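Asker:
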Amino acid sequence: MSLQGKHIVLGITGSIAAYKSAILTRLLVKKGAEVQIVITSAGKEFITPVTLSALSGRPVISEFFTSGDGTWHSHVDLGLWADLMIVAPATAATIGKMANGIADNMLVTTYLSMKAPVFLAPAMDLDMYRHISTQRNIEKLRGDGIYIIDAAEGELASHLEGKGRMEEPENIVATLEQFFATGHDLEKKKIMITAGPTYERIDPVRFIGNFSSGKMGFALAEECASRGAEVILITGPSALSASHPNIVRVNVESAAEMYDAALQNFPQMDAAILSAAVADYRPEQKSEEKIKRSGKEKFTLSLISNPDIAASLGKIKEPGQLTIGFALETNDEEHNAMKKMEEKNFDYIVLNSLNDPGAGFGHDTNKVTILSRNGEKQSFALKSKDEVAKDIVDNAFGNGKLTMDN
Ligand code: CTP
Numbered sequence: 007m008s009l010q011g012k013h014i015v016l017g018i019t020g021s022i023a024a025y026k027s028a029i030l031t032r033l034l035v036k037k038g039a040e041v042q043i044v045i046t047s048a049g050k051e052f053i054t055p056v057t058l059s060a061l062s063g064r065p066v067i068s069e070f071f072t073s074g075d076g077t078w079h080s081h082v083d084l085g086l087w088a089d090l091m092i093v094a095p096a097t098a099a100t101i102g103k104m105a106n107g108i109a110d111n112m113l114v115t116t117y118l119s120m121k122a123p124v125f126l127a128p129a130m131d132l133d134m135y136r137h138i139s140t141q142r143n144i145e146k147l148r149g150d151g152i153y154i155i156d157a158a159e160g161e162l163a164s165h166l167e168g169k170g171r172m173e174e175p176e177n178i179v180a181t182l183e184q185f186f187a188t189g190h191d192l193e194k195k196k197i198m199i200t201a202g203p204t205y206e207r208i209d210p211v212r213f214i215g216n217f218s219s220g221k222m223g224f225a226l227a228e229e230c231a232s233r234g235a236e237v238i239l240i241t242g243p244s245a246l247s248a249s250h251p252n253i254v255r256v257n258v259e260s261a262a263e264m265y266d267a268a269l270q271n272f273p274q275m276d277a278a279i280l281s282a283a284v285a286d287y288r289p290e291q292k293s294e295e296k297i298k299r300s301g302k303e304k305f306t307l308s309l310i311s312n313p314d315i316a317a318s319l320g321k322i323k324e325p326g327q328l329t330i331g332f333a334l335e336t337n338d339e340e341h342n343a344m345k346k347m348e349e350k351n352f353d354y355i356v357l358n359s360l361n362d363p364g365a366g367f368g369h370d371t372n373k374v375t376i377l378s379r380n381g382e383k384q385s386f387a388l389k390s391k392d393e394v395a396k397d398i399v400d401n402a403f404g405n406g407k408l409t410m411d412n
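Sequential numbering of the sequence shown, starting at 7, is according to the working numbering.
1. So, using beta-carbon positions, are Ala-163 and Tyr-135 closer together than 8 Å?
2. In terms of residues, what are the limits of the beta strand (DSSP E) holding His-137?
3. Taking 8 Å as the threshold, find out whether the segment 295-314 comes into contact with the segment 218-230 through three or more Cβ pairs.
4. Within its chain, find whatever has a CB closer than 6 Å to the CB of His-13; leave out the 5 residues flanking it on each side and keep chain order.
5. DSSP three-state call for His-13: helix, strand or coil?
6. What separation, rounded to the nearest whole angstrom, lies between the Cα atoms of Leu-328 and Thr-375?
7. On the criterion of 16 or more Cβ atoms from any shown chain inside 10 Å, does Gln-42 qualify as buried, or is it exposed?
8. If you follow the beta strand (DSSP E) that Ala-127 is part of, which residue opens it and which one closes it?
9. Taking only three categories from DSSP, how would you classify Tyr-287?
10. Shortest alpha-carbon distance to Ala-122 belongs to which of Ala-262, Val-82 and Val-237?
11. Take the Cβ of Phe-305 as the centre, count every other Cβ of all protein chains shown within 10 Å, and call the residue buried at 16 or more, exposed below.
12. Decide if Pro-363 is buried, meaning its Cβ has at least 16 other Cβ atoms within 10 Å, or exposed.
13. According to DSSP, is Gly-102 part of a helix, a strand, or is it coil?
14. Compare the beta carbon distance of Ser-244 and Gly-215 with 8 Å and say whether it is the shorter of the two.
15. Tell me the start and end of each unbroken beta strand (DSSP E) in the segment 33-62 that is at least 3 residues and wholly inside, in chain order.
16. Leaving out five residues before and five after Met-410 in sequence, what residues of the same chain have Cβ atoms less than 6 Å from its Cβ?
17. How many angstroms separate the CA atom of Arg-288 from the CA atom of Glu-339?
18. Any heavy atom of the ligand CTP inside 7 Å of the beta-carbon of Gly-331?
19. Answer yes or no: the CB of Lys-321 versus the heavy atoms of the ligand CTP, is any distance below 7 Å?
This is the structure in structure tokens:
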């Protein structure tokens, strides 16, 4: 996807690199984007609104009101209009204000009203850039889901050499093109994913569990997040870590805890993917003390059934919400999977067969067939779990299938 027709809010702050914003504006406009510039008072000391409005073809916004006629500039409308906001150059002061929500000018206020993804291209002297407070604010913004276009090395305005130069406009444009090209088709969608095993305690040191690693669920979480979704990853004990800032991880241990977390979050979701290997049973009684062997020749554990998370979600599912389940079968696979889809009210079911080498628990690879409610079937080759995650997301949510706006 190109930048053709994209609405871009370009924030400009007070740095020598502001001259590069004129070039950036020109390049974006040439690519077919509509550019609305919001500049700080300090920014205007470095580049004039006359130059910028001529290049963007739109009046430059700086204040909340136009002096003279009192026209109010709505940061809320800008937040809704934009497909993307980029602050380039972003000074240490603006980064600090953005990280802490200090909305004392039009630019930061617009940022707080922004509904679209936000990029930052920092520019400052090397000492300021590597200062602990700047780095802390950048990390904070990264954690808030802001995309940082890291400063480049080179000669700085101070004539010192180091890191702090704003990235070149050509490279910024390439980054934005890449961003749109990777398909942000799940932007603003809320997706809940269950992953990993559950542990059902027998006593303080023992549990009933299974060999699920969580790899499939974590790969699905990364795939959805990288396509713009806000992901809630409810996971049983897993050694894996989720890296994307759009993933909120909720750690649980037992099926009962996973059930509570899933039912609490689901009403706010557009979709849920149930990839966890939930224990079907748990010990009827959990011993508070370690169970001793002392003379027992035979030990019987009485188990009771756990709640079925997928089936419970299937019952409360509203129109527009999608649920996707997994089925791990050893015999009569498709028939059993279709039955499971019916019973749990899934829209899609991902079937992996234990008969396929390299598929299922613990492996880095998986081989799946995706079955849909309305009878479509697609089988895939043995692939990495990352690639399988993409196939599942393309199949279930691709082409705007996930349409409900919460
Ligand atoms: N599932 C769930 N909660 C449970 C059990 C299963 O959410 N208590 C979900 C799984 O995450 C998966 C699907 O239901 O998406 C199917 O899981 P599976 O264990 O294959 O199904 P079961 O209903 O337990 O059937 P089986 O008798 O084949 O084990």
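Built from N, CA and C at the ideal position, the CB exists for glycine as well.
Bear in mind the structure is a predicted one, so any value in this text is a computation, not a measurement.
Answerer: In short, the structure shows the following:
1. Not in contact: Ala-163 and Tyr-135 (Cβ atoms no closer than 8 Å).
2. Here His-137 belongs to no beta strand (DSSP E), and DSSP marks it neither H nor E.
3. Verdict: no, contact absent.
4. The answer, listed in chain order, is Glu-40, Trp-87, Ala-88 and Asp-89.
5. Reduced to three states, the DSSP call for His-13 is strand.
6. For the pair Leu-328 and Thr-375, the Cα-to-Cα distance works out to about 18 Å.
7. When all chains shown are included, Gln-42 counts as buried.
8. Where Ala-127 is concerned, the enclosing beta strand (DSSP E) stretches over 124-128.
9. Tyr-287 falls in the strand class under three-state DSSP.
10. The residue with the shortest Cα to Cα distance from Ala-122 is Val-82.
11. With fewer than 16 other Cβ atoms within 10 Å, it is exposed.
12. Burial call: exposed.
13. For Gly-102, the three-state secondary structure derived from DSSP is helix.
14. Not a contact, by the Cβ cut-off of 8 Å.
15. Runs of the beta strand (DSSP E) inside the segment 33-62: 40-45.
16. Low confidence applies here, because Met-410 scores a pLDDT of 42, under 50, leaving its location unreliable; read the following figure in that light. The residues are Asp-276 and Gly-326.
17. If you take the alpha carbons of Arg-288 and Glu-339, they lie about 26 Å apart.
18. At a threshold of 7 Å, Gly-331 counts as near the ligand CTP, since its beta carbon sits closer than that to one of the ligand's heavy atoms.
19. Judged by the Cβ position, Lys-321 fails to qualify as a neighbour of the ligand CTP at the 7 Å threshold, every heavy atom of the ligand being at least this far.
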